[in-house]
Amino acid sequence: MFSHLPLLSILIWLPVVGAVLALMTGGDKNAKFSRSIAVIISVINLLLCIPLYLNFDTSSYAMQFQENALWIRVYKIHYAVGVDGISLAMIILTNFTGLLVILAGCQAIKVRIAQYMATFLTMQGMMIGVFAATDAILFYVFWEGMLIPMYLSIGMWGSSNRSYASIKFFLYTFLGSILMLIALLYLYNLTGTFEIQKFYGLSNLSLHIQELLFFAFFLAFAVKVPMWPVHTWLPDAHTEAPSGGSVVLAALMLKLGIYGFLRFSMPIVPLACQQLAWFMITLSLIAIVYIGLVAIVQTDMKKLIAYSSIAHMGFATLGCFMIYDIYKHSIAVQDAYMSLEGAVIQMIAHAFGSGAMFLGVGMLADRFFNHSRLIKDYGGIATTMPIFAAFFMLFAMSNIGLPGTAGFVGEFMVIMSAFQAHFWVALIAATTLILAASYTLWMYKRVFFGPVANEYVAEFEDITWLEKTNYILLAVGVFFLGLYPKPVLDVLHVTVGHILALSLPGVAAI
Amino acid sequence: MNFAMPIFSVALPEIFMLCMITLALLTDVFLPARLRLVTYILVQATVVITFFMSISQFFNYPSPIITFSGNYIIDKLSMLLKIFVCLISFFVFAYSREYIQARKIAFGEYYVLGLLAVLGMLIMCSAYSFLTIYLGLELLSLALYAMVAMQKDSSQATEAAMKYFVMGALASGLLLYGISMVYGATGSIQILEIANREGLSSTQQMVELFGLVFILVGLLFKFGAVPFHMWVPDVYQGASTNMTLFIASAPKIAAFGITIRILVEAMPNLQIQWEHVLIVVAVLSMFFGNLLAIAQTNLKRMLAYSSIAHIGYMLLGIIAGPNSAEGYSAAIFYVATYTIVAAGAFAIIAILSKKGLEFDQLNDYRGLNARNPWLAFMMLLLMFSMAGIPPTVGFFAKLGLLEALVEAHLVWLAALALLFAIVGAYYYLRMVMLMYFEEPAEGLDESRFTVSPNMLAVTTVNGLFVLVFGLFPSSLIDMCRVSFA
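If you want it as structure tokens, here you go:
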């Protein structure tokens, strides 16, 4: 019954319609209505992912659930959406996270509730749009349009330094994206279309042009990931954003960068990617080691998790750009597969781990009288909030990469395959296991163990049923991905093979 | 010399408007003061009818007609420009009503003069010789000078009027001087004849080039592009907001029309020359406009600098035009959408300026979202559109320009334009920040944030235009495109 419905369009626009409905409920006196509208819409959206998943053909790399309509005649821009394995996984993740932040917002947000719900619903719709778009301009419209709700959410519900952080976030990402727009227009002038698939494997791109295009895309996606040295917006944005905003940033927005590398850079400019892989690998390793060290010395919990996110994303970019070396050193394509799949799994796993930790910090800060996020203000949470402490431990372990949790799978796959090519690269990457353990566990020790720090902490009440629901959902995700990642890998496998075939000339898709 | 009877029917919009101006003037004289609203209705009806006349002409005249002894042209471009001029003038007149009533500015005179200015713009859109171009331009300018000066009790407005008049007269003088040189070189003032002339001696070519320089300076003065922009911030800030609204919107479209006529249609063989001048001017305008706007604390002044920057962007389309398919149409799309957006932004200032107090400091907008969320949302849309962020119409305006630039192998210029767009984004975002992120300023009368339903409706239409045409821009782009087919 779902096969005739334009499922993707519904997924994209239903939240936007929901946002308008939520806004129409008016001021805070009707908060209940806007909350229920938001929750209902996001639950429907998540449920709609089920037919999307069930009807998805995992044996094909072609775009599925395609919709296509001419949008702007002059430039042949189409409203074209479709999903392959990677975007399907990301869309489901987006809807999952969308529900989480709406639920978290129901409790944590006390002012301008309707606007909050509308902002986050719009953001959810736009992000699904980014993952679903198969037309370059449509992609760009969603990509940029998403900045508006994110900007508003940081600025309107953020903490004291929010104006600075929100403008920095906006300008930074805007600066990154503009060169991508020019690159897209350049490709349009070569091919006469904005269809992304038509940009793949262009034969008339010289290496020099490819390198220029690579850097245009690189700037856009590296800012989003974010890669060292263009990561400086992230700690500010994360720290000042409301916890819902931080979760969306960490769980989804950072993934857009990796998604961009996979969708644009690697298939469109394969030669340049191969030539410049060393550059990307170096930056990834710097992110893993240097940013990991920076995370250790943070005094603000949110900043710590933000830096840890950058380090984890370093793994994902490493996994993406190691494939060239792996392929050169071992003829077995399996290792390249593993590397790329590891990168995607790492994206998803990180969403659960860091999303949950950001939510947790939000829960703590909401309970503290001045919403402090400083580690030194806390201590002994384990005695006052035992259930919360247990949950948080699980997510901390996932962040470290403990076997059995989500965090382990991706890191393991990336390191394993890296060993096939470069012992030293793999060794440096593996230091993350030590670094992540040190910053996460040290923070956990200071915040949760020891004597109760002060009278405010002593009065903390354990998490409410709503917060428990959120955490149970996330815990299920963490274990599912950690113990039985096969369903996800099945969805990814063929698509990853297609990307490999496009980016490694000479590899036949398996 | 033969005398051919001009085809009056093609000039119906102008003729109709002239008759209505006379009628409105007479009615206004003989009506008692309490029935002044009749003048307003009459004027608005004229604008609306002219609007529909232009639309019907747009679809009924497929090929250009040149008449009135070669002084007047009706083609897709002129009709499209007229449609935009009427549309925007309608909004401007609607926005101004409450503002000028509250300030006791002469009501009837304002609207009659305003209609004269619109007539001037219509003539500019259809002008096909330097004579009609100049005629339309002066009709527009003289009406505007008088209108700026109408707020007699405000020294700021008087100063602005004086500046506007002196600068405007200077620009007109330069333009006229340039025209006379071109006439001297080519022996004609008609666009078609200048374009088709052949076998000019090198001296004649030199004189024509000199003429072009003066004409360019005159036009850029009128546009307010760097380095001829000095008057813009002062006049925008000093003039009463309803006048700023007027100056900043429709005249830009008419000026665009005559620019196309002179540069593209009359002097295509001097293209290399004017293109290089325009590149320099466009880059300077984008740079200084965006940069100086950051330093402003007065919203009207900030928008004035932003308009300088936007003129720079619009010029990009004319620069890319000769070497790309969609350059000119992108420029006209840009200028049309920008003027509508700018009109909306100035209108919100005018609407919130009540009880004789101007509401034009950036700080006045602190916490507007808490006071009047709808108006704040409209302002947000307008600001994001000016910054060129999708899904607002401003994005597609910029996209068209960039596409044309890339097609014309001016990738570096496209990159530069976007770089300045980021500088520009900062002050638009700051405006949003003030409205949404800051707490409302204390001590302001709450009642000033309630807006009459009429004004709210007009603002809503204007604001949603930005969003609707941001989501479905295709038809509007197509209309702009056929104008240059």
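Protein chains in written order, with the working numbering: chain A, 251 to 760; chain B, 821 to 1305. The beta carbon of each residue, even a glycine, is placed where N, CA and C say it ideally should be.
Contact set for residue i: own chain, Cβ-Cβ below 7 Å, skip 5 residues either direction
{"i": "A:Leu349", "result": "Ser292, Val293, Leu296"}
{"i": "B:Ala1156", "result": "Phe904, Ile1073"}
{"i": "B:Leu1202", "result": "Val1161, Gly1164, Ala1165, Gly1283, Val1286"}
{"i": "A:Ser413", "result": "Gly405"}
{"i": "A:Ser622", "result": "Ala615"}
Exposure of residue i, with buried meaning 16 or more beta-carbon neighbours within 10 Å
{"i": "B:Val1228", "result": "For the sequence presented, residue 1228 of chain B should be read as Ala rather than Val. Classification of B:Ala1228: buried, given that the 10 Å Cβ count is 16 or more."}
{"i": "A:Asp585", "result": "buried"}
{"i": "A:Ala640", "result": "exposed"}
{"i": "A:Phe511", "result": "buried"}
{"i": "B:Trp1232", "result": "exposed"}
{"i": "A:Leu264", "result": "buried"}
{"i": "B:Val968", "result": "buried"}
{"i": "B:Arg854", "result": "exposed"}
{"i": "A:Ile760", "result": "Reliability of the predicted coordinates at A:Ile760 is poor, the pLDDT of 45 falling under 50, and no value is obtained from them."}
{"i": "B:Cys839", "result": "exposed"}
{"i": "B:Gln1057", "result": "buried"}
{"i": "B:Leu935", "result": "buried"}
{"i": "A:Trp715", "result": "exposed"}
{"i": "A:Asn720", "result": "buried"}
Best match in the options for proximity to residue i [C-alpha to C-alpha]
{"i": "A:Tyr587", "options": "A:Lys282, A:Ala358, A:Gln670", "result": "A:Gln670"}
{"i": "B:Tyr1148", "options": "B:Gln1024, B:Thr952, B:Leu1136", "result": "B:Leu1136"}
{"i": "A:Trp674", "options": "A:Ala632, A:Ile722, A:Leu742, A:Asp575", "result": "A:Asp575"}
{"i": "A:Val289", "options": "A:Tyr329, A:Ala354, A:Ala330", "result": "A:Ala354"}
{"i": "B:Leu1222", "options": "A:Leu429, A:Tyr401, A:Gly395, A:Leu320", "result": "A:Leu429"}
{"i": "A:Gly629", "options": "A:Leu733, A:Gly660, A:Cys570, A:Arg696", "result": "A:Arg696"}
{"i": "B:Arg1121", "options": "B:Gly1044, B:Ser1022, B:Leu1225, B:Pro1053", "result": "B:Pro1053"}
{"i": "A:Trp528", "options": "A:Leu677, A:Met572, A:Phe468, A:Met613", "result": "A:Met572"}
{"i": "B:Leu995", "options": "B:Ala914, B:Glu958, B:Thr1006, B:Pro1142", "result": "B:Glu958"}
{"i": "A:Ala487", "options": "A:Ile546, A:Ile541, A:Ala415", "result": "A:Ala415"}
{"i": "B:Thr1212", "options": "B:Val867, B:Gly928, B:Leu1291, B:Cys906", "result": "B:Leu1291"}
{"i": "B:Met1206", "options": "B:Ser1127, B:Trp1094, B:Val830, B:Ala991", "result": "B:Ser1127"}
{"i": "A:Ser337", "options": "A:Leu750, A:Ala751, A:Thr372, A:Thr745", "result": "A:Thr745"}
Chain A residues whose Cβ lies nearer than 9 Å to that of residue i
{"i": "B:Ile1242", "result": "Leu421, Phe424, Leu425, Ile428"}
{"i": "B:Ile1297", "result": "Ile322, Arg323, Val324, Tyr325"}
Any non-hydrogen atom of the ligand GDP within 8 Å of residue i CB
{"i": "B:Gly1147", "result": "The ligand GDP is not among the ligands present in this structure, which contains no ligands whatsoever."}
Under 7 Å by beta carbon: chain B residues contacting residue i
{"i": "A:Ser413", "result": "Met1253, Phe1257"}
Cross-chain neighbours of residue i in chain B, by beta carbon under 8 Å
{"i": "A:Glu394", "result": "Ile1209, Pro1210, Phe1215"}
{"i": "A:Ile417", "result": "Tyr1246, Leu1249, Arg1250, Met1253"}
{"i": "A:Tyr202", "result": "Because chain A spans 251 through 760 in this model, residue 202 of chain A falls outside it and cannot be assessed."}
{"i": "A:Tyr436", "result": "Val1226, Val1231"}
Contacts around residue i, its chain only, beta-carbon distance under 8 Å, and the 5 residues preceding and following it disregarded
{"i": "A:Val333", "result": "Leu258, Leu302, Phe306, Met313, Gln314, Phe315, Ile341, Phe381, Ala382"}
{"i": "A:Leu431", "result": "Tyr390"}
{"i": "B:Ala1150", "result": "Gly1137, Ala1140, Ala1217, Gly1220, Leu1221, Glu1223, Ala1224, Cys1300"}
{"i": "B:Leu1200", "result": "Val1252, Met1255, Tyr1256"}
{"i": "B:Asn891", "result": "Ala947, Tyr948, Ser949, Leu951, Thr952, Gln1010"}
{"i": "A:Glu445", "result": "His328, Ala330, Thr384, Asp385, Ala386"}
Under 9 Å from the C-beta of residue i: neighbouring residues of chain B
{"i": "A:Met201", "result": "No statement about residue 201 of chain A is possible, as the shown extent of chain A runs from 251 to 760 and does not include it."}
Expected contact under 8 Å - CB spacing of residue i and residue j to nearest Å
{"i": "A:Pro399", "j": "A:Met367", "result": "So it is not a contact: roughly 11 Å between Cβ atoms."}
{"i": "A:Phe424", "j": "A:Leu397", "result": "7 Å"}
{"i": "A:Val594", "j": "A:Leu457", "result": "Not a contact, Cβ separation roughly 28 Å."}
{"i": "A:Glu711", "j": "A:Thr682", "result": "The Cβ separation is near 36 Å, so there is no contact."}
{"i": "A:Gln447", "j": "A:Ala522", "result": "Not confirmed; about 19 Å, so no contact."}
{"i": "B:Asn1062", "j": "B:Ala966", "result": "B:Asn1062 to B:Ala966, Cβ: 14 Å. No contact."}
Own chain, CB closer than 6 Å to residue i, minus 5 neighbours either side, in chain order
{"i": "B:Arg1081", "result": "Ile1011"}
{"i": "A:Met563", "result": "Val475, Leu504"}
{"i": "B:Gln877", "result": "Met899"}
{"i": "A:Leu434", "result": "Ala386"}
{"i": "A:Thr655", "result": "Met647, Ser648, Val728, Gly732"}
{"i": "A:Ala272", "result": "Ser284, Ile287, Ala288, Ala364, Met367, Ala368"}
Chain A contact residues for residue i, given Cβ-Cβ distances below 7 Å
{"i": "B:Ser1294", "result": "Trp321, Ile322, Arg323"}
{"i": "B:Phe1204", "result": "Ile398"}
{"i": "B:Val1302", "result": "Under the 7 Å cutoff, chain A gives no residues; its nearest Cβ is about 10 Å from B:Val1302."}
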